[in-house]
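Residue numbers (UniProt numbering): 1 to 644.
Written out below as structure tokens is the structure these notes cover.
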């Protein structure tokens, strides 16, 4: 923006002396104004100062300027605080910034560096077609760090223990498949009455199809994950695959896939029925008992049976897990692992009564948008991340800049997560979140020492802060929190008498309106929350708790791109108190929100999701190829003839 020069007119003398006099007068007046302003502001609390400041017009900064100023402001405030007075969250933010910077030092900018990093980390040659994949990445300014793709290899490693032709056949003959043949993609399967996931995934794969080998991507059309293979079986498959890992000599490496003609032209190929393993359905053993068998034998959850009585309020452990630091989540991946947290069997709807169960303990190829750490699906970006539906994305607007936002926390959603009934609803994660954000409920707990239906207050010795000591956490929540269910989703039908006294159904708010608030929690529903990407791309700060893994986990840094929460929510009140109580906390929140948005705009684009799926399908096609041990990309290792 350009500004016209303003002329200044003076009466009387013109020149250096008169300008100097005016300058001195202006300087003295400015000092007096600052002194008076400082005195007046000192008479008010930080919350009152922020309310006044929020009404002052702000210059609308560019996204880059907002990001840079957020970091500068946070660092300036932090410099004036002694190390011993730093909050635990500040230390976590510092660690996350350092870890992120170190990771970015490993970025690859060409196929030679990318292939080298691949071999170092994977112990194999990259798959054929790797050069075309990298060329697209470079053309579209993608940030390529080999660690960003660790999830692909975690998911595919067990399949190296299966016979390739059988694997290819089972992938082809499934109920819903994204099929690539001769450089074109099509969705196969009856989707009548279903959501448009197949089309969304097919459209994405179609963008890479001209550079893909013939390959089939069978997809899970349920919200819930479907594969829970016992730990011993998975370990056997992985061990077998690891033994076959090798860097074949360049001259013996095959750089062309065999293709799937042997399947497509086989006798009776068009009449082949989907391979269905034995499915454990709704009325079979509780899901927790299936899940714990997928845990390591020495894990805390392995020998803990599922609960059968949920009629009493849940017991929250109030513990100090190894994945936390001073009560706050440090290792977000570990915080989602049910194998180390047997209490989650009573605190998450997935393990209480999921909406549907159709689970197999056999390893078959199946792709899906999310899964538990114990599940065996192959992850791809959730279909709703590929839609422009404003219900998930928030539309084109991503919210006002931080200085213009309201200091508040908002959540809207339905009572999903499973079948919440009269005898189990107090154990569901979304009900716990809503009740913990209810100021009246929390104030009652603070003043009478009782517990709520879904939670109890964390002990003061765990989270010792001023509002906890003075019993005013509830007062704060009454001022800043706006959380409620838009549909209670009671079961059976709409018989909500058991929960109606505790939750009032509220009107929904579009995501774009929610972005006016600074803080937006995100909690699991029947599986992952499809709003997370939209929240990351907004100017608000997501507060995230989940037990579900997603494709993007390796490229997001907790306490830098979002604020993580324990799945018990035992840390919720302490996190909110820190973020809203001081200029230091507000600056920390602004830093995370602006950094998360800026980073997501670079690594969670449609192009990035395409690159992830493209590379995944190159790898999956290799696992399904009978020549897989010799298949690889080695052009970068072949000496080039000298130029003229």
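Quick reminder that beta carbons are idealized off the backbone N, C-alpha and C, glycines included.
Bear in mind that the values here come from a model prediction, so they are computed numbers and not experimental data.
Are residue i and residue j close, meaning C-beta to C-beta below 7 Å?
i: residue 597; j: residue 537; result: yes
i: residue 290; j: residue 345; result: no
i: residue 518; j: residue 595; result: no
i: residue 360; j: residue 279; result: yes
i: residue 577; j: residue 465; result: yes
i: residue 335; j: residue 323; result: yes
i: residue 572; j: residue 436; result: yes
i: residue 383; j: residue 551; result: no
i: residue 555; j: residue 164; result: no
i: residue 353; j: residue 394; result: no
i: residue 468; j: residue 476; result: no
i: residue 216; j: residue 171; result: yes
i: residue 177; j: residue 201; result: no
i: residue 349; j: residue 455; result: no
i: residue 377; j: residue 277; result: no
i: residue 152; j: residue 610; result: no
i: residue 257; j: residue 621; result: yes
i: residue 489; j: residue 397; result: no
i: residue 533; j: residue 579; result: no
Going straight from the alpha carbon of residue i to that of residue j, what length do you get?
i: residue 138; j: residue 110; result: 7 Å
i: residue 128; j: residue 115; result: 11 Å
i: residue 328; j: residue 94; result: 14 Å
i: residue 542; j: residue 386; result: 20 Å
i: residue 498; j: residue 312; result: 14 Å
i: residue 162; j: residue 439; result: 54 Å
i: residue 446; j: residue 471; result: 5 Å
i: residue 648; j: residue 482; result: Only positions 1 to 644 of the chain appear in this structure, which leaves residue 648 out of reach.
i: residue 103; j: residue 495; result: 52 Å
i: residue 106; j: residue 636; result: 19 Å
i: residue 441; j: residue 117; result: 53 Å
i: residue 261; j: residue 239; result: 30 Å
i: residue 83; j: residue 399; result: 34 Å
i: residue 380; j: residue 157; result: 16 Å
i: residue 100; j: residue 145; result: 11 Å
i: residue 70; j: residue 516; result: 18 Å
i: residue 402; j: residue 451; result: 35 Å
i: residue 624; j: residue 453; result: 51 Å
i: residue 639; j: residue 614; result: 27 Å
i: residue 91; j: residue 81; result: 12 Å
i: residue 633; j: residue 641; result: 19 Å
i: residue 254; j: residue 245; result: 15 Å
Assuming residue i and residue j are in contact, meaning their beta carbons sit under 8 Å apart, how far apart are those beta carbons, in whole angstroms?
i: residue 510; j: residue 411; result: So it is not a contact: roughly 14 Å between Cβ atoms.
i: residue 413; j: residue 485; result: 7 Å
i: residue 565; j: residue 575; result: 7 Å
i: residue 188; j: residue 205; result: The Cβ separation is near 12 Å, so there is no contact.
i: residue 421; j: residue 491; result: 5 Å
i: residue 340; j: residue 299; result: 6 Å
i: residue 159; j: residue 365; result: 7 Å
i: residue 222; j: residue 358; result: 7 Å
i: residue 224; j: residue 567; result: Going by Cβ atoms, the distance from residue 224 to residue 567 rounds to 17 Å, so no, they are not a contact pair.
i: residue 97; j: residue 560; result: 6 Å
i: residue 247; j: residue 124; result: 7 Å
i: residue 282; j: residue 356; result: 7 Å
Taking DSSP as the reference, what is the three-state secondary structure of residue i?
i: residue 318; result: coil
i: residue 199; result: helix
i: residue 479; result: helix
i: residue 416; result: coil
i: residue 611; result: helix
i: residue 558; result: strand
i: residue 411; result: strand
i: residue 588; result: helix
i: residue 638; result: coil
i: residue 260; result: coil
i: residue 576; result: helix
i: residue 433; result: helix
i: residue 604; result: coil
i: residue 152; result: helix
i: residue 628; result: coil
i: residue 549; result: strand
i: residue 459; result: coil
i: residue 564; result: strand
Exercise. Which ranges does the alpha helix (DSSP H) cover as unbroken runs of at least 4 residues, wholly within the segment 289-366, from first to last along the chain?
Worked result: 332-335 and 349-352
For this session: Ignoring anything shorter than 3 residues or poking outside the segment 472-545, list the beta strand (DSSP E) runs there in chain order.
Result: For the segment 472-545, whole beta strand (DSSP E) runs of length 3 or above, ordered along the chain, are 481-487, 517-522 and 541-544.
For this session: Could you pull out every unbroken alpha helix (DSSP H) segment of at least 4 residues lying fully inside the segment 78-129, listed in chain order?
Result: 88-104 and 111-122
Problem set entry | Entirely enclosed alpha helix (DSSP H) segments - the segment 175-242, minimum 4 residues | 197-208
For this session: Only counting runs of 4 or more residues, tell me where the alpha helix (DSSP H) segments fall wholly within the segment 366-410, in order along the chain.
Result: Counting only runs of at least 4 residues, the segment 366-410 fully encloses the following alpha helix (DSSP H) elements, listed from N- to C-terminal order: 390-393.
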